[in-house]
Amino acid sequence: MQGGEKFLKSRVIIEPLVDRFYAWFHTVAPVQASMNLARLQVPLLESYLQSPESHVVASNNPDLRGGYFVNIPEERSDEVRELLDSIRKERAGMLEFAAAVAEAEELLRQNATGFDLTPLYPKLPKALSGLVELAYDTGNQASVRFVEPLAYHSPAYTEERQSVQLSLEPGVERPFILSTPRLPAPDVLELAVPFRHQGLADLFRARIRPTTEAALREALELDDAQAALLPGLLADEPAGSPDRHIDAGGRIRYFGHACLLLQSPGAAILTDPFISADGSHGDRFTYDDLPDHIDLVLITHGHQDHIVLETLLQLRGRVGAVVVPRASRGNLVDPSVGLYLRHLGLPVVEVDDFDEVPFPGGEVVATPFLGEHCDLDIRAKSTYWVRLAGKSVYVGADSSGIAPGLYRYVREHLGTADMAFLGMECDGAPLTWLYRALLTRPVPKKMSGSRKLSGSDAAQAAAIMTEFGAREAYVYAMGEEEWLGHVMATTYDEDTYQLQQIDEFLTWCADRGIPAEHLLNKREWRW
302 MQGGEKFLKS
312 RVIIEPLVDR
322 FYAWFHTVAP
332 VQASMNLARL
342 QVPLLESYLQ
352 SPESHVVASN
362 NPDLRGGYFV
372 NIPEERSDEV
382 RELLDSIRKE
392 RAGMLEFAAA
402 VAEAEELLRQ
412 NATGFDLTPL
422 YPKLPKALSG
432 LVELAYDTGN
442 QASVRFVEPL
452 AYHSPAYTEE
462 RQSVQLSLEP
472 GVERPFILST
482 PRLPAPDVLE
492 LAVPFRHQGL
502 ADLFRARIRP
512 TTEAALREAL
522 ELDDAQAALL
532 PGLLADEPAG
542 SPDRHIDAGG
552 RIRYFGHACL
562 LLQSPGAAIL
572 TDPFISADGS
582 HGDRFTYDDL
592 PDHIDLVLIT
602 HGHQDHIVLE
612 TLLQLRGRVG
622 AVVVPRASRG
632 NLVDPSVGLY
642 LRHLGLPVVE
652 VDDFDEVPFP
662 GGEVVATPFL
672 GEHCDLDIRA
682 KSTYWVRLAG
692 KSVYVGADSS
702 GIAPGLYRYV
712 REHLGTADMA
722 FLGMECDGAP
732 LTWLYRALLT
742 RPVPKKMSGS
752 RKLSGSDAAQ
762 AAAIMTEFGA
772 REAYVYAMGE
782 EEWLGHVMAT
792 TYDEDTYQLQ
802 QIDEFLTWCA
812 DRGIPAEHLL
822 NKREWRW
C-alpha cells in the first residue's frame with residue numbers, strides 16, 4: 302500500500318440536515334418540506350423558545366418518547382432563536398408556498414361544488430401559479446394536483462437548506478430526528494454542501510477503496526478548520542468483513558428493522574437500508590458487512606424508518622439502482638420517491654405492481670402493499686418478491702393483512718414463497734404524528750387515533766400466511782434495536798400489545814408446523 306493512503310473508519314456516520322433539522326423524505330421533497338417547515342418545525346421552535354426547560358424535561362421523559370419536543374439545553378436557546386430568525390428570513394419563499402397550499406385547499410372546499418373549476422384558477426395564490434392543476438374525482442371531491450417536477454425548480458426547493466454533519470457513532474441514542482435540530486458540536490465536521498455533492502460519494506467510497514487526506518480535502522472543499530477534523534474519520538486499514546461476499550449458494554442477512562441483504566455469488570440485493578455503524582457490540586451487522594457492490598436497493602415506502610437518508614448517502618457509488626414504488630403524481634400526501642432520490646444523486650428505477658426488474662441470476666417483482674398509511678391515498682408503496690439462488694423470498698415490509706385475498710392473487714401470479722418477511726407493528730402511531738403538517742383541515746383526536754400507521758396483527762399475519770402458503774415466516778423487529786431509537790423512539794416491554802400479537806402469531810405457526818421467528822438485531826440464512 303502506498304504511503305498516505307487512508308480508509309473511512311467503520312464508525313463514521315452522517316446526519317443530513319435541512320435548516321439544521323434532520324432530513325427525511327417529507328422535509329426535502331419541496332411541497333411537503335414547505336408544509337413541514339411552516340406548520341411543524343417553525344411552531345416547534347417557537348414553542349421551545351417560550352419554555353426551553355419544559356421541552357428538555359419532556360424530551361427526557363420516557364412516557365413522552367417520540368413526542369415533538371426540542372432536546373437542546375436552555376443555555377443554547379440563543380442559537381435556536383438565531384435559527385428561527387434565519388428560517389423566517391431566508392425561507393420566506395417556502396413559508397409563502399405552504400400558506401398558498403392551505404389557501405388553495407380552502408378555496409376548493411368553499412367553491413368546488415361539482416361545477417366547472419376554471420373560474421378558480423385566477424383565484425389561486427400567486428405562489429402556485431403554473432405548479433398545480435385542480436381536479437375532481439368521480440365522486441365530485443376536488444383536490445389540488447401538484448406538478449411535482451416543476452416544484453423542484455420553484456422557491457419551495459433550494460439546496461442551500463442542505464448540509465451534513467460527519468462524526469463518529471457516539472454509542473448512545475441521538476436526539477429524536479423529527480423534533481430536535483442539530484446544532485454545531487465539538488468533533489463534528491460540518492459541511493454546507495448539497496446531498497448530491499460528489500465529495501460525499503468519494504468519502505463513503507473510501508470504506509472500500511483507498512484515498513488520501515489531500516484528495517478528500519479537495520473533494521469535500523474543506524477549509525483549514527474543517528480539514529483539521531478529517532483525520533479523526535480516517536484509518537490506515539480497511540474494515541470490511543472478510544465474509545462480506547459469498548462464492549456459492551445463497552445467503553440472507555438481517556441487518557435489523559426491515560433491512561435484508563440477499564446475496565448470491567453474482568448479485569446483492571438490499572432492502573430498506575437502515576444500518577448501524579457501531580460494530581463494538583457484536584450483536585449486529587454493520588456497513589463493514591456490506592458487499593463492495595450492491596446491484597439493487599429496494600425501497601418499500603417513504604416513511605422515515607424505511608427510506609433512511611443517512612444510510613442511502615453512504616451507499617452512493619456502490620449501488621446499481623434504487624428500486625422505488627411509483628407515486629400517484631401530484632398528490633400532497635404522496636410525493637414521488639423517484640424524484641426525491643434523483644435530486645440526491647442516486648440512480649433510480651420506478652416500478653408499478655408486478656413490474657419486473659432483473660439482476661444477474663435473478664429478478665425482483667414489485668407486489669402490492671396494503672394499508673399502514675392511515676387510510677391516506679398513498680400509492681408510493683410496494684412489497685417485493687425476490688427470486689435469487691433458487692429461492693423465492695417475499696419482502697413484506699409493513700403491508701397489512703386487512704384484505705388477505707390479495708395475497709392469494711399474488712400466490713397465483715408468482716407461486717409459493719419459500720420465506721416471507723412480515724411487519725407486525727399492529728398498533729402504530731396515529732395519523733397526526735407523521736402527517737400533521739400536510740393536513741390543512743383540523744382532524745379530531747378521536748379520528749386521528751382511529752387511523753394508524755399499523756401493520757398486521759396476529760390474525761392478519763396468519764391470514765397472509767394462509768393465502769400465501771409460504772414455507773417459513775419471519776417477523777421484523779419493530780424499532781426494538783437500541784441503535785435506531787433516534788428514528789423510531791419506540792419502547793416495548795413484555796406486556797406490549799404488539800409483542801403479544803407476535804407471540805400469538807408464532808404460536809399459530811408452530812401449531813401448523815411452519816418455521817417462524819421474531820427477528821432482532823441480526824440473523825443469517827444460508828443454502
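Using our numbering, the first residue of the sequence shown is number 302, and each one after it goes up by one. Note that beta-carbon positions come from the ideal geometry of N, C-alpha and C, so glycine has one too.
Helix, strand or coil at residue i [DSSP, three-state]
{"i": "HIS602", "result": "strand"}
{"i": "LYS427", "result": "helix"}
{"i": "ALA760", "result": "helix"}
{"i": "HIS582", "result": "coil"}
{"i": "MET779", "result": "coil"}
{"i": "PHE575", "result": "coil"}
{"i": "CYS727", "result": "coil"}
{"i": "PHE398", "result": "helix"}
{"i": "TRP734", "result": "helix"}
{"i": "TRP828", "result": "coil"}
{"i": "LYS823", "result": "coil"}
{"i": "SER468", "result": "strand"}
{"i": "LEU739", "result": "helix"}
{"i": "ARG649", "result": "The residue asked about is misnamed: residue 649 is Val in this sequence, not Arg. Three-state result, VAL649: strand."}
{"i": "GLU406", "result": "helix"}
heavy atom of the ligand HEM below 7 Å from residue i C-beta
{"i": "PRO485", "result": "You won't find the ligand HEM in this model; it holds no ligand whatsoever."}
Rounded straight-line distance, which links the Cα of residue j to that of residue i
{"i": "PHE575", "j": "ALA559", "result": "8 Å"}
{"i": "MET336", "j": "ALA516", "result": "39 Å"}
{"i": "ALA667", "j": "VAL694", "result": "12 Å"}
{"i": "PHE829", "j": "PRO705", "result": "This structure gives no information on residue 829, because the portion of the chain shown stretches from 302 to 828."}
{"i": "SER464", "j": "ALA401", "result": "27 Å"}
{"i": "PRO482", "j": "PHE769", "result": "44 Å"}
{"i": "SER700", "j": "GLU316", "result": "28 Å"}
{"i": "ARG862", "j": "ASP579", "result": "In the structure as shown, the chain begins at 302 and stops at 828. Residue 862 is therefore absent and cannot be evaluated."}
{"i": "PRO353", "j": "LEU318", "result": "22 Å"}
{"i": "GLU460", "j": "ARG321", "result": "13 Å"}
{"i": "ASP678", "j": "SER629", "result": "9 Å"}
{"i": "LEU633", "j": "PHE398", "result": "13 Å"}
{"i": "ALA698", "j": "GLY724", "result": "5 Å"}
{"i": "GLY394", "j": "HIS604", "result": "26 Å"}
{"i": "GLU380", "j": "HIS498", "result": "27 Å"}
{"i": "GLU782", "j": "ARG446", "result": "39 Å"}
{"i": "LEU614", "j": "LEU418", "result": "43 Å"}
{"i": "ALA738", "j": "ASP635", "result": "13 Å"}
{"i": "ASP573", "j": "ALA730", "result": "20 Å"}
{"i": "ARG475", "j": "ALA528", "result": "25 Å"}
{"i": "ARG772", "j": "ALA681", "result": "28 Å"}
Identified DSSP bridge partners for residue i
{"i": "VAL445", "result": "LEU435"}
{"i": "THR512", "result": "LYS307"}
{"i": "GLN463", "result": "VAL319"}
{"i": "GLU773", "result": "MET720"}
{"i": "GLN564", "result": "ARG552 and ALA569"}
{"i": "LEU597", "result": "ILE570 and ALA622"}
{"i": "GLU818", "result": "TYR775"}
{"i": "GLY663", "result": "PHE660 and LEU689"}
{"i": "TYR695", "result": "TRP686 and ALA721"}
Residues near residue i by beta carbon distance below 6 Å, same chain, minus five either side
{"i": "GLN564", "result": "ILE547 and ARG552"}
{"i": "ASP804", "result": "none"}
{"i": "ALA334", "result": "THR328"}
{"i": "ALA569", "result": "PRO592, ILE595 and ASP596"}
{"i": "PHE586", "result": "ARG554, PHE556 and LYS823"}
{"i": "VAL609", "result": "PHE575"}
{"i": "GLN303", "result": "With a pLDDT of only 47 at GLN303, under the threshold of 50, the placement of this residue in the model should not be trusted; the figure read from the coordinates follows. Same-chain partners within the cutoff: there are none."}
{"i": "LEU599", "result": "THR572, VAL624 and TYR685"}
Own chain residues within Cβ distance below 7 Å of residue i, not counting five before or after
{"i": "ALA622", "result": "LEU597, PRO648, VAL649 and VAL650"}
{"i": "PRO331", "result": "ALA452, TYR453, SER455, ALA457 and TYR458"}
{"i": "ALA790", "result": "ARG366, GLY367 and PHE477"}
{"i": "ILE509", "result": "PRO539, GLY541 and ASP593"}
{"i": "ASP676", "result": "ARG752"}
{"i": "ALA493", "result": "SER464"}
{"i": "GLY550", "result": "ALA690, ARG827 and TRP828"}
{"i": "PRO566", "result": "ILE547, ASP548 and ALA549"}
Within-8 Å CB hit, residue i to chain B
{"i": "VAL448", "result": "In the structure shown, chain B cannot be found, because there is only a single protein chain."}
Close-in-space but distant-in-sequence residues of the same chain around residue i (CB under 8 Å, 5 per side omitted)
{"i": "VAL343", "result": "LEU385, ILE388, ARG389 and LEU396"}
- Item | Touch test, the region 521 to 533 against the region 808 to 824, Cβ-Cβ under 8 Å, three pairs minimum | no
Open item on the list: Using a Cβ distance threshold of 8 Å, determine whether the region 429 to 441 contacts the region 388 to 405, with at least three qualifying pairs required.
Closed with: yes
> Should the region 482 to 491 be called in touch with the region 359 to 366, which here means at least 3 C-beta pairs below 8 Å?
Replying inline: no
- [ ] Count the CB pairs spanning the region 742 to 750 and the region 760 to 774 that are closer than 8 Å, and state whether there are at least three.
- [x] no
Inset, instruction - Kindly confirm or deny that the region 336 to 345 and the region 376 to 390 touch, where touching means at least three C-beta pairs closer than 8 Å. - result: yes
Discussion item. Pairs of beta-carbons, one from the region 771 to 784 and one from the region 344 to 358, closer than 8 Å: are there three or more?
Written reply: no
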